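Reviewing the structure listed below.
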Amino acid sequence: MPVIQEIQFVQFLEPKNILCRMQATCWQDAITELACLLHRNEGGFDLNEVVASCIRREEATSTVIAPLLALPHARVKGLDRVLVAIGTLGAGILFASPDHGPVQVVILILTPHEDPGLYLQVLAALTRNLGAPGAPDQLAEYTSADEIYHAFASNGTELPPYLKAQDLMEPNPVTLLETDHLQDAIETFCMRKVMDIPIIDEERDVRGVLSVEDILRHSLPGHLLWMHDLSPILRFEPFADLLSRDHDSKIADYMREEYVSAEPGMPAVQLAKLFINENVRQIVVRNQRQLAGVVDLHAFMAKLFWR
């Protein structure tokens with residue numbers, strides 16, 4: 013087994029790449045200011061491309077990972093090392109998803125394009141150390157670059173040696189209770205735009221999974237699937253029958269008790285194998301029987317190859 017060296021986040025950081033009390037008044041300016049700082053001090057990348065890439069990603073999916081904290085990033089072709097710039101903002105600014113509230117600490121991360129896991133390792137380390145309540149507040153209160161640098165040097169923000177399921181999972185997925193009704197499931201599928209929903213009990217133990225295909229399968233009994241002539245049901249009569257019972261039917265009668273699962277500590281590369289071999293869209297991550305989160309195939313691909 014290869015020896016994996018321990019990497020500290022502070023190895024990517026220098027005081028000259030830290031700005032206290034940035035002048036930016038919008039999130040685009042904050043990203044641009046930090047990118048310009050790295051370009052001036054380190055070079056090795058096209059400034060306009062990096063700024064455009066960071067802004068495009070921020071507009072597609074928020075990089076605000078905790079109250080007051082945003083981690084915009086870009087994967088840069090030709091870059092041979094990780095570059096990090098940190099900026100603090102006195103009053104705070106709203107990022108592209110204003111629901112997250114004002115941001116006072118912005119950490120810009122540039123990683124080599126050819127290393128899909130490196131940014132996620134950095135993200136996992138920062139989430140673990142800065143995701144706790146009060147941690148970003150402390151960074152925002154520092155008044156000098158040296159203070160921020162020494163804060164990271166002393167807190168041991170270490171990158172995980174490899175990515176795990178817990179680093180890629182969504183910890184707060186859409187769920188339903190086994191006692192909910194079919195109507196609740198149909199509404200959730202349509203309103204939340206999901207395809208698979210973990211079904212849990214009051215203790216958050218996983219009881220099964222419900223997918224949109226499960227509802228279709230119950231709408232069309234097996235013998236109908238063998239029919240070549242569907243003229244008797246052109247008006248979706250079986251679907252009407254299902255809908256007539258949606259207020260009374262419990263989700264437990266429609267869910268599947270067999271599903272693909274993983275433990276939080278499973279190496280993330282194993283998830284890729286499960287997606288391929290099991291031909292599923294979603295992997296349920298469990299702590300014992302309790303739901304820890306889910307990894308969706310779309311999000312898995314986006315995090316590895318784009319985000």
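Using our numbering, the first residue of the sequence shown is number 13, and each one after it goes up by one.
Note that CB positions come from ideal geometry on N, CA and C, so glycine has one too.
No experiment lies behind these values; they were computed from the predicted model shown.
Burial state of I288 is exposed, judged by a 10 Å Cβ sphere holding fewer than 16 other Cβ atoms. The C-beta separation of L130 from T139 comes to about 15 Å, leaving the pair out of contact by the 8 Å criterion.
The beta carbon of C38 sits closer than 7 Å to the beta carbons of I105 from its chain, once the five residues preceding and following it are set aside; these are given in chain order. With 16 or more other CB atoms across the displayed protein chains lying within 10 angstroms of its CB, F164 is buried.
Annotated three-state conformation of A78 is strand, per DSSP. Annotated three-state conformation of K89 is coil, per DSSP. The three-state secondary structure of P110, taken from DSSP, is helix.
The C-beta of G220 has 16 or more other C-beta atoms within 10 Å across all chains shown, which makes the residue buried. Judged by pairs of C-beta atoms under 8 Å, the stretch 91-110 does not touch the stretch 286-305, as fewer than three such pairs exist. Bounds of the alpha helix (DSSP H) holding A284 are 280-290. DSSP places E269 outside both helix and strand once states are collapsed to three, so it counts as coil. Ranking R293, A274, V115, R216 by CA distance to the CA of L188 puts R216 first. By the criterion of a C-beta distance shorter than 6 Å, A36 is surrounded in its chain by A42, E45, once the five residues flanking it on both sides are discounted. Taken through DSSP and simplified to helix, strand or coil, S156 comes out as coil.
According to the DSSP assignment, R52 belongs to the alpha helix (DSSP H) that extends over 39-53. Rounded to the nearest whole angstrom, the C-alpha separation of H162 and K28 is 13 Å. Note on the stretch 111-192: whole alpha helix (DSSP H) runs with a minimum of 4 residues are 130-142, 147-153, 157-167, 177-180, in chain order.
Looking at the DSSP output, D308 sits in a beta bridge with Q294. Contact check between the stretch 300-309 and the stretch 172-186: three or more CB pairs, one atom from each, fall below 8 Å, which counts as touching.
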